[in-house]
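In UniProt numbering, the protein residues as written are 1 to 260. Even glycine gets a Cβ: it sits at the ideal position worked out from N, Cα and C. Report on the structure given below.
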């Protein structure tokens, strides 16, 4: 099994890319298995947040297993069957639920593109980041060319995309690519699960609408984003969870959110 799905915390799904002998690089089977997981996660109301990571301590995901995967992508392109996604994540958002990338080691090529498509990125101090596709004659076409310059300073993004240069975890933190760096992969996974559990304990509708606004805001003007935000605020204020949350705060007790 190249993709493992577990539920280590209440409301939390942990997806592990499990090809450590290949630095968790994707072959066609791995790609198909990750794609196949998303519809079930989206339907499962018990899952409220997802953590995505790689097996072992060397790599989050080293991208495509080049000898086996790129020929398949060429075949898809030649037959007009290329949907432009990697692991079902990088072209269209696969779920309305937050995705946390726990980057335990190298995130290269498609691996970095998976992380870029996630909502929160946390890293081990051992992690490295790169989009070296130009070095093998292709481009970072799974969202890398588009997303990296939106998240990093333009010069740094261009250097990574055009020269294939990698950056370390500290540079990723300073530049805003990741929000936290942890000393080792074990601490990283625990921290990612802790964060996911906190998200999962919050009001589901409020989390869903907030995440939707975050994602939408990247393609809206400020005025449009503010209008969407206010409309969402009015909708959420009318929910039973909003009434419960305010009452729980006033009564100094944990809220019992129902997602209604």
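The beta strand (DSSP E) runs lying completely inside the segment 44-108 and spanning 3 residues or more are 49-54, 59-61, 99-103, 106-108, given in chain order. Taking C-beta atoms as the reference points, residue 144 and residue 205 fail to come closer than 8 Å. Distance from residue 209 to residue 240 at the Cβ level is roughly 15 Å; contact not present, criterion being Cβ atoms closer than 8 Å.
If you keep only unbroken alpha helix (DSSP H) runs of at least 4 residues inside the segment 113-189, you get 144-151, 154-163, 169-175.
Residue 6 has its alpha-carbon roughly 20 Å from the corresponding atom of residue 121.
In this structure, residue 129 lies away from residue 110, with their beta-carbon atoms at least 8 Å apart. Rounded to whole angstroms, the gap between the alpha carbons of residue 177 and residue 23 is 21 Å.
Rounded to whole angstroms, the separation of the alpha carbons of residue 91 and residue 39 is 15 Å. With 16 or more other CB atoms across the displayed protein chains lying within 10 angstroms of its CB, residue 207 is buried. Bridge pairing for residue 16: 4, 53 [DSSP]. Beyond the five residues adjoining it in sequence on each side, residue 168 comes within less than 7 Å, by CB distance, of 128 in the same chain, given in chain order. Here residue 244 has 255, 256, 257 as same chain residues with Cβ atoms under 7 Å from its own Cβ, once five neighbours each way along the sequence are excluded.
By a beta-carbon distance limit of 8 Å, residue 72 contacts residue 28. Their separation comes to about 5 Å. Excluding sequence positions up to five before and after residue 64, its CB lies within less than 7 Å of the CB of 25, 26, 70, 109, 110, all in the same chain and listed in chain order.
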